[in-house]
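Student: In my numbering, the protein residues as written are 56 to 292. What follows is a structure written as structure tokens; I'll ask about it next.
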């Protein structure tokens, strides 16, 4: 009887041990992935810091200077973009290492997640515009005035067009977007300007602010396109 009890107890104990071990292993997998991803990012952060210093040294030495640099890229992929004058390392991971759609700057080094947005200046139908683009949309916002020289602007002339890259459709009806405060006609126009928060490529999001100083109320309209989003966010302040 005791042997039977011992045997049964042993089997139960073994089963519990195995189950507990499986749970621990399953719980540890995300942690292991996060540690591995963090280590890879920190490694490349150090590598890029050294590479940046080499580039600075060569630039300081003038034309004709050169260096041989050995880089070990594992994991991830390294791309040299001559057009944008940058070196890009991409690394895919499911681990929550960096908050999505955020970026940190360390001198010339930028570390971020979901950096799929660009913001630059261009022209559309004769208008100077801010062009915000991600994987799905291209948004055109009227570039007008500046902080020192505000101009009269109308809220129905700010958002000029949206192009959907997935469906190849345009939203470009004149005045399709308009802002008013409390339905006051005095709030739809005023002295102001539009300004980009940050220009460039490989951004977590693109944002253009419209500063409107109307006779009814002073306010700011924020046009935000995030990486991966198939919609534009518009905020008022």
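From the three backbone atoms N, C-alpha and C, an ideal C-beta is built for every residue, glycine too. Keep in mind the model is a prediction, meaning the values are calculated, not measured.
At 3 residues or longer, and completely inside the segment 208-257: list those beta strand (DSSP E) runs for me, N to C.
Tutor: 214-219, 224-226 and 244-251
Student: Are there 16 or more other CB atoms within 10 angstroms of the CB of residue 189, so buried, or fewer, so exposed?
Tutor: buried
Student: Take the Cβ of residue 232 as the centre, count every other Cβ of all protein chains shown within 10 Å, and call the residue buried at 16 or more, exposed below.
Tutor: buried
Student: Under 9 Å between the Cβ atoms of residue 281 and residue 169?
Tutor: yes
Student: Is it true that the CB of residue 278 sits closer than 9 Å to the CB of residue 214?
Tutor: yes
Student: Rounded to whole angstroms, what is the Cα-Cα separation between residue 287 and residue 234?
Tutor: Cα-Cα distance, rounded: 15 Å.
Student: Excluding sequence positions up to five away, which residues of its chain have a Cβ less than 7 Å from the Cβ of residue 121?
Tutor: 113
Student: Could you check whether residue 201 and residue 184 sit closer than 9 Å to each other, using their CB atoms as the reference points?
Tutor: By the CB criterion at 9 Å, residue 184 and residue 201 fall outside the cutoff.
Student: Quick check on residue 139: buried or exposed, where buried means 16 or more other Cβ atoms within 10 Å of its Cβ?
Tutor: exposed
Student: Taking the alpha-carbon of residue 90 as reference, which of 137, 100 and 152 has the nearest alpha-carbon?
Tutor: 152
Student: In the DSSP assignment, find the unbroken beta strand (DSSP E) run with residue 266 in it and report its ends.
Tutor: 260-268
Student: What do you get for residue 125, buried or exposed, if any count of 16 or more other CB atoms within 10 angstroms of its CB means buried?
Tutor: exposed
Student: Take residue 173 and list the residues in its own chain whose beta-carbon comes closer than 6 Å to its own, dropping the five residues that flank it on each side.
Tutor: 188 and 256
Student: Which of helix, strand or coil does DSSP assign to residue 97?
Tutor: helix
Student: Taking C-alpha atoms, which residue in 211, 106 and 137 lies nearest to residue 276?
Tutor: 211
Student: Under the three-state reduction of DSSP, which class applies to residue 198: helix, strand or coil?
Tutor: coil
Student: Since residue 149 and residue 105 should fall inside the 8 Å C-beta cutoff, what is the C-beta to C-beta distance between them, to a whole number of angstroms?
Tutor: Not really, about 28 Å apart at Cβ, beyond 8 Å.
Student: With 16 as the cutoff for other CB atoms within 10 Å, does residue 206 come out buried or exposed?
Tutor: exposed
Student: Near residue 261, which residues of its chain fall below 6 Å by C-beta distance, leaving aside the five closest residues on each side in sequence?
Tutor: If we look at residue 261 and ignore the five residues flanking it on each side, its Cβ neighbours are 172, 174, 187 and 280.
Student: Spell out whether any CB of chain C is found under 9 Å from the CB atom of residue 206.
Tutor: No chain C appears in the structure shown, which is made up of a single protein chain.
Student: What are the partner residues of residue 189, as DSSP defines its beta bridges?
Tutor: Answer is none; residue 189 lacks a bridge partner.
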